[in-house]
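Line by line, the protein sequences give chains A and B.
Heads up: the first sequence begins at 23 in my numbering, then just goes up one per residue.
Heads up: the second sequence begins at 23 in my numbering, then just goes up one per residue.
Cβ atoms here follow ideal geometry from the backbone N, Cα and C, with glycine treated the same way.
Bear in mind the structure is a predicted one, so any value in this text is a computation, not a measurement.
2 protein chains.
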Amino acid sequence: MGYRILETADIPAYLRERGHWDGSDDIGVREVSDGNLNRVFVASDSAGTRTLAVKQALPWVRVAGPSWPLSPDRSDAEARAYEQLARVAPGTIPAIHGYDPENHALVMEDLSDLRVLRTALNEGAAYGPDTSRRIGELVAQLSFATSDFGLDSAGRKALIAASANPELCKITEDVVLSEPYTEHEHNHWLPELDDLAAEFRADTRLRTEVADLRHTFMTGAQALLHGDLHTGSIMVGEREGAPVVRVFDPEFSFVGPIGFDLGLYWANALVSAERARALGTASDHADQLRVSWEAFENEFRRLWPTRVDTFFDDAYLDRFLRRVWTESLGFAGTELVRRIIGFAHLTDLTTLPNPAPASRRALLLGRELILHRTELTNARAVRSLAESLV
Amino acid sequence: MGYRILETADIPAYLRERGHWDGSDDIGVREVSDGNLNRVFVASDSAGTRTLAVKQALPWVRVAGPSWPLSPDRSDAEARAYEQLARVAPGTIPAIHGYDPENHALVMEDLSDLRVLRTALNEGAAYGPDTSRRIGELVAQLSFATSDFGLDSAGRKALIAASANPELCKITEDVVLSEPYTEHEHNHWLPELDDLAAEFRADTRLRTEVADLRHTFMTGAQALLHGDLHTGSIMVGEREGAPVVRVFDPEFSFVGPIGFDLGLYWANALVSAERARALGTASDHADQLRVSWEAFENEFRRLWPTRVDTFFDDAYLDRFLRRVWTESLGFAGTELVRRIIGFAHLTDLTTLPNPAPASRRALLLGRELILHRTELTNARAVRSLAESLV
Chain A
23 MGYRILETAD IPAYLRERGH WDGSDDIGVR EVSDGNLNRV FVASDSAGTR TLAVKQALPW
83 VRVAGPSWPL SPDRSDAEAR AYEQLARVAP GTIPAIHGYD PENHALVMED LSDLRVLRTA
143 LNEGAAYGPD TSRRIGELVA QLSFATSDFG LDSAGRKALI AASANPELCK ITEDVVLSEP
203 YTEHEHNHWL PELDDLAAEF RADTRLRTEV ADLRHTFMTG AQALLHGDLH TGSIMVGERE
263 GAPVVRVFDP EFSFVGPIGF DLGLYWANAL VSAERARALG TASDHADQLR VSWEAFENEF
323 RRLWPTRVDT FFDDAYLDRF LRRVWTESLG FAGTELVRRI IGFAHLTDLT TLPNPAPASR
383 RALLLGRELI LHRTELTNAR AVRSLAESLV
Chain B
23 MGYRILETAD IPAYLRERGH WDGSDDIGVR EVSDGNLNRV FVASDSAGTR TLAVKQALPW
83 VRVAGPSWPL SPDRSDAEAR AYEQLARVAP GTIPAIHGYD PENHALVMED LSDLRVLRTA
143 LNEGAAYGPD TSRRIGELVA QLSFATSDFG LDSAGRKALI AASANPELCK ITEDVVLSEP
203 YTEHEHNHWL PELDDLAAEF RADTRLRTEV ADLRHTFMTG AQALLHGDLH TGSIMVGERE
263 GAPVVRVFDP EFSFVGPIGF DLGLYWANAL VSAERARALG TASDHADQLR VSWEAFENEF
323 RRLWPTRVDT FFDDAYLDRF LRRVWTESLG FAGTELVRRI IGFAHLTDLT TLPNPAPASR
383 RALLLGRELI LHRTELTNAR AVRSLAESLV
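This is the structure in structure tokens:
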């Protein structure tokens, strides 16, 4: 057969062929593609009691079209990441019903009753007590299980080899970890930020620190990452009265530095806090770095006694967590910067009535986090820094 | 056919079958196995003008026998490493005539006219002006070419995946980077060192630093390494009046921290200097850390302008080299310690009339290098430290 691009009309037959739907004709399909890269369809019966989602990787970047080709093999990375996540945090990802590597398609739980966290926040929702805690726990669970603490030496080497994700890593290396500090056609920014964009490109100290983080991203094979853990990769809502958090879209997954996942989440939380501040809304956003870090640290420490390699002692755990903290701050800084003067910006800021002041603050905060990550030793210090910016 | 263990009598037919030797019956074979793991045969004609070596990996550790099984797949790692080395430093490795993955056998240049560096040093030879320079250059050439500076992002990911070497990495993780700091049946030492061996096992600060180096070894995917670069993996001699240096046995090769290769070489050079000192021999041994580092640094800096990724600027190079230096010192420390209170000891010390004083000094030096690697910022400081030990 070979790979074929699925259209809305193909989905009923596709689901039946793959054994995900019985012979019934009661099946309606709509396309709900929302991310930058892939297509997503939702199939449901007329009563809405049976629903399934189908996600297919296209051989190009969906929003750019065939002029930006991208191997659909990224769906393999996504399926592998879901497999690992299902072992350690099944309650925090969508249920996966099947993966079809030939068509680069995942059949999974329909999450359309939930909302993308970023959208909810933009509309004024709070994080609430669960979201950042669940995210911190998930990062701890995934990273512990796939680190040298959770996996034996041979299993680790096999995981690293199997999880290579060169094309998507290259996107991050370029778009997040270098372009914003150089002249590049991808970059754009508000005219009010011309001064800072120029300053950042000329700042050799900043560039060396970013180069250091970039090389850590390229060589620091600590654990399997989600790889793109921003507030647009998280769904939130309620089911049967209980809060629900689901992390999705792990197609950037690879074995890298744990701080990259935490840092992306932190940067997006800090941006959401800037939005609330700009709008004068009372919010819990500025506290989310602390909440997610504490949840991460507590869960990692809870798992520590189960480590497979007891040569790593408690004193080493302290040092290791300190390093993860510091690198997380640095990666958070790079994510802040690239979301304001790089290629892909955030609706948190772009939909503000006057986006420049909040964007400027976020940009300055990003630089501080990169340059001073080793001196900022706790969440309170980061919060004070954010509040001190003018 | 499948894998078969080659005996001396099999070699002539084997070489003819594989096209390495014509039909002539003028072929004599002797076994010259010397390392811990493999078998080596040398075939030559009666005039001694045609010679070839055959190295075969056995499914166990040669010196231990079948009770210590070890996958012969390590020969794949060795062949891959030779392939990379042949691209960047063809003059510093044996010529490889063929690799037979089915039988885990390499057919290569016969080096039996040269001497193992350790043996030569033990018998009173000097390093001379070439050896450590060539070693430093080779480490720079191999590591630059296989780092993110010399290889594009996708090529790097493929190399990391292809170069996984779980069984041999595990040996290093155990024998070098943990056992000597714990109670383990592998460990042994001179009775005069009972006090230090006990002290090392009880030293929590030392253990945390070793854990840090060990985790760097496991996760720091900087470049392809030789993986076992001690003075027993180097042949030296003269051919046609010119000095010859050949690095061999790269079966421990994998993508790891560059400092591990330098550190192993340094530790072995420092041990050779302790031997010379104990014997009261004038020697150039204490200068080899400096010579090899300078050659490494000069060659790496010479290659830097050819890097494929110019986001990494000169200021980052300085920082990166500083980090390689520091990690090299740490790994040198672990190699010193394990060679004195761990599993496999060195003839440099064991063949001394009174091995205890030199062994004690080397052991103390190892601890200092591990604990104070960030403060020892140049070769002179290391030399002063070595000279100050009592």
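Contact with chain A is absent for B/Met257, since none of that chain's Cβ atoms lies less than 8 Å from the residue's Cβ. Residues of chain A with a Cβ closer than 7 Å to the Cβ of B/Tyr338 are, in chain order, Thr230, Ala233 and Asp234. A residue is called buried once 16 or more other Cβ atoms fall within 10 Å of its Cβ, and B/Asn125 is buried on that count.
Taking the Cα positions, B/Gly87 is about 19 Å away from B/Thr194.
Burial state of A/His208 is exposed, judged by a 10 Å Cβ sphere holding fewer than 16 other Cβ atoms. Rounded to the nearest whole angstrom, the CA to CA distance from B/Thr153 to B/Val267 is 6 Å.
Around the C-beta of B/Gly113, fewer than 16 other C-beta atoms lie within 10 Å, and the residue is accordingly described as exposed. A Cβ-Cβ contact shorter than 8 Å links A/Thr303 with A/Gly146. With fewer than 16 other Cβ atoms inside 10 Å of its own Cβ, B/His210 counts as exposed. Inclusion of B/Leu59 and B/Arg84 in the CB contact set at 8 Å is warranted, their separation being smaller than that value. Proximity of chain B to A/Gln310 at the Cβ level (cut-off 8 Å) is not reached, the minimal Cβ distance being about 28 Å. When Cβ-Cβ separations below 8 Å define contact, A/Asp67 makes no contact with chain B. Contact between B/Val64 and B/Asp132 holds, with the beta-carbon distance rounding to 5 Å and staying under 8 Å.
Residue contact check for A/Phe166 against chain B: no CB pair falls below 8 Å. Counting along the chain, B/Leu74 sits inside the beta strand (DSSP E) bounded by residues Thr73 to Ala79.
For the stretch 239-264 of chain A, the set of residues with a beta-carbon nearer than 8 Å to any beta-carbon of chain B comprises Met240, Thr241, Gly242, Ala243 and Gln244, in chain order. Restricted to the stretch 113-173 of chain B, the alpha helix (DSSP H) segments that are unbroken, complete and at least 4 residues in length are 139-144 and 153-167, listed in chain order. A/Glu53: member of the beta strand (DSSP E) spanning Gly50 to Glu53, first to last residue.
Annotation: A/Ser200 to A/Asp335 spans about 36 Å, alpha carbon to alpha carbon. The beta carbon of B/Leu80 lies closer than 7 Å to those of Ile27, Asn60, Arg61 and Pro94 in the same chain, with the five residues before and after it left out.
Taking the Cα positions, B/Arg389 is about 18 Å away from B/Ala308. Taking 8 Å as the CB threshold, A/Asp98 stays off the interface with chain B.
The C-beta of A/Glu397 has fewer than 16 other C-beta atoms within 10 Å across all chains shown, which makes the residue exposed. Counting C-beta pairs closer than 8 Å gives fewer than three between the stretch 219-237 of chain A and the stretch 179-187 of chain A, which falls short of the contact rule. Chain-order list of chain B residues neighbouring A/Ser175: Pro188, Cys191, Lys192, Glu195 and Met240, by C-beta distance under 8 Å. Against chain A, the CB of B/Ala183 has a partner CB under 8 Å away; the residue lies at that interface. Put simply, the backbone Cα of A/Asp122 is about 19 Å away from that of A/Glu53. Rounded to whole angstroms, B/Trp82 and B/Val293 show a C-alpha spacing of 29 Å. In the structure shown, A/Ala337 adopts helical secondary structure according to DSSP, grouped into three states.
The beta-carbon of A/Asp170 is placed less than 8 Å from the nearest beta-carbon of chain B. Within the stretch 84-113 of chain B, no residue has its Cβ closer than 9 Å to any Cβ of chain A. Contact between B/Asp250 and B/Phe274 holds: CB atoms are separated by about 4 Å, below the 8 Å threshold.
The alpha-carbon of B/Ile118 is positioned some 13 Å away from that of B/Thr73.
Between B/Leu181 and B/Leu173, the CB-CB gap stays under 8 Å. Segment contact: the stretch 399-406 of chain A against the stretch 231-239 of chain A, fewer than three CB-CB distances shorter than 8 Å; contact not assigned.
Taking a C-beta distance under 8 Å as the contact criterion, A/Gly364 and A/Leu391 do not qualify as a contact pair.
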